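Remarks on the structure that follows.
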Amino acid sequence: MPGGLSASNHRNREDSWFKSLFVRKVDPRKDAHSHLLTKNEESNLYKIQFHNVKPECLDAYNQLCEETLPSIHNDKYYPCELVGTWNTWYGEQDQAVHMWRYRGGYPALTEVMSKLRQNKEFMKYREERGKMLLSRRNQLLLEFSFWNEPIPRKGPNIYELRSYQLRPGTMIEWGNYWARAIGYRQHNSEAVGGFFSQIGNLYMVHHLWAYKDLEAREATRNAAWQHEGWDEVVYYTVPLIQHMDSRIMIPMKASPLQ
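At position 18 of the sequence shown (counting the first as 1) the number is 18 in full-length UniProt numbering, and the numbers step up by one without a gap.
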């Protein structure tokens with residue numbers, strides 16, 4: 001083989017190897033992210049609602065919710081469950097957060113919405129609620145396969161909702177790291193649920209935690225750093241985040257999560 005051709009091939013191999021150091025290789029997948037990250041095809045669908053309430057109406061709003069939401073939760077006619085309902089303590093003020101679970105996915109959601117439109121008491125609740133709100137938004141979520149399913153718990157507890165806006169295309173990476181990380185954060189039963197958005201703000205992740213108080217929260221979070229591997233999870237997941245937010249929330253009287 002001529003020396004010039006051999007040298008050229010050698011340089012091409014070196015260039016290829018050098019470029020490979022800077023090219024991130026991602027295995028092509030034909031599965032939707034939701035199929036890879038959630039429990040199964042019939043996983044629960046969740047809806048989270050954020051209601052910003054007029055400050056002078058907050059007490060009346062809470063009372064209205066406590067009179068209406070449990071009746072839907074307890075009525076088997078509606079295939080949905082109230083997971084939790086809270087007021088934000090630290091974070092956005094004068095805010096209520098509600099989370100619903102629909103066993104049966106989108107068909108259950110559609111059924112509930114259709115039936116509620118025929119419910120005169122609920123429509124009256126919506127009308128009264130609308131007079132008290134400054135703004136509202138919601139998201140539809142699926143639950144991560146490696147998190148606990150949120151179930152009712154006794155209180156008193158405070159809850160932290162940590163919300164992460166991820167860079168597009170990084171949800172699988174996030175799931176891979178947190179599938180290991182959740183094991184470091186279950187020693188005090190603080191892990192309540194983990195979710196990712198399907199409709200609303202996309203590439204959004206919500207982690208829901210429970211603590212006895214703010215001091216317990218600080219101690220529990222500090223203790224995680226004593227577990228080998230937690231620092232690695234933080235190191236590799238922080239670059240995936242575009243924005244993050246934390247709410248400390250207090251359960252309403254009607255909340256199954258107390």
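Every residue, glycine too, gets a C-beta built ideally from N, C-alpha and C. Owing to the predicted nature of the structure, the values given are computational and were not obtained by experimental measurement.
DSSP state of N52 mapped onto helix, strand, coil = Annotated three-state conformation of N52 is strand, per DSSP.
Assign M244 to buried or exposed, taking buried as 16 or more other Cβ atoms, counted over all protein chains shown, within 10 Å of its Cβ.
-> Counting Cβ neighbours within 10 Å, M244 comes out exposed, since fewer than 16 surround it.
For the alpha helix (DSSP H) holding A224, just list the boundary residues, first then last.
-> Where A224 is concerned, the enclosing alpha helix (DSSP H) stretches over L214 to A224.
Taking the alpha-carbon positions, what's the K47 to L109 distance?
-> K47 and L109 have their C-alpha atoms roughly 9 angstroms apart.
What is the residue span of the beta strand (DSSP E) that R136 lies within?
-> Taken as a continuous stretch (DSSP letters only), the beta strand (DSSP E) holding R136 covers L133 to E143.
Let me know the secondary structure DSSP gives F122 once reduced to three states.
-> In this structure, F122 counts as helix in the three-state DSSP scheme.
What number of angstroms, rounded off, separates the C-alpha of S114 from the C-alpha of R126?
-> One C-alpha to the other measures close to 15 angstroms.
When L133, M249 and E232 are compared against N52, the one with the closest alpha-carbon | If we check each option's Cα against that of N52, L133 comes out closest.
Can you tell me which of G84, Y106, W89 and E92 puts its alpha carbon nearest to the alpha carbon of H98?
-> Put simply, of G84, Y106, W89 and E92 the residue whose alpha carbon is nearest the alpha carbon of H98 is G84.
Assigned secondary structure, G194 (DSSP; H/G/I helix, E/B strand, else coil) | Strand, per DSSP.
Among G175, Y184, N157 and Y164, which has the Cα closest to the Cα of D231?
-> That would be Y184, whose Cα lies nearest to the Cα of D231.
Please look up how many angstroms separate the CB atoms of I241 and W86, rounded, as I've assumed it's under 8 angstroms.
-> Incorrect: roughly 23 angstroms between the Cβ atoms, too far for contact.
Going by beta carbon distance, what residues of the same chain come within less than 7 angstroms of E173, once the five residues before and after it are set aside?
-> So the list reads L240, once near-sequence residues are dropped.
What's the gap between the Cα of R180 and the Cα of V205?
-> One alpha carbon belongs to R180, the other to V205, and they sit about 16 angstroms apart.
Kindly indicate which three-state DSSP category H73 falls into: helix, strand or coil?
-> Helix, per DSSP.
Evaluate contact between the region 191–204 and the region 162–173, counting only Cβ atoms and requiring at least three cross-stretch pairs below 8 angstroms.
-> Short answer: they touch.
Whose CA, out of Q226, E149, A210 and P107, lies closest to the CA of G155?
-> Of Q226, E149, A210 and P107, the residue nearest in Cα terms is A210.
Beta-carbon proximity check, P79 vs R103, cutoff 8 angstroms = Yes. Within cutoff.
What number of angstroms, rounded off, separates the C-alpha of R162 from the C-alpha of A96?
-> Computed Cα separation, rounded: 15 angstroms.
Considering only residues of the same chain and omitting the five flanking positions on each side of L166, which have a CB-CB separation below 7 angstroms?
-> Around L166: W174, Y203, V205, L240, I241 and Q242.
List the whole-angstrom C-beta distance separating Y159 from L208, where the pair is believed to meet the contact cut-off of C-beta under 8 angstroms.
-> With a contact defined as Cβ atoms closer than 8 angstroms, Y159 and L208 qualify at about 6 angstroms.
When the distance is taken between beta carbons, is L64 closer than 8 angstroms to R129?
-> Cβ atoms of R129 and L64: closer than 8 angstroms.
To the nearest angstrom, how far is it from the Cα of P28 to the Cα of N176?
-> Because the pLDDT of P28 is 46, which lies under 50, any placement of that residue in the model is unreliable, and the question is left without a value.
Close Cβ partners of Q198 (< 7 angstroms) along its chain, the five nearest in sequence each way excluded | Cβ within range, chain order: S34, L140, L141 and L142.
Could you tell me the distance, in whole angstroms, from the CA atom of A191 to the CA atom of E66?
-> For A191 and E66, the distance between alpha carbons rounds to 25 angstroms.
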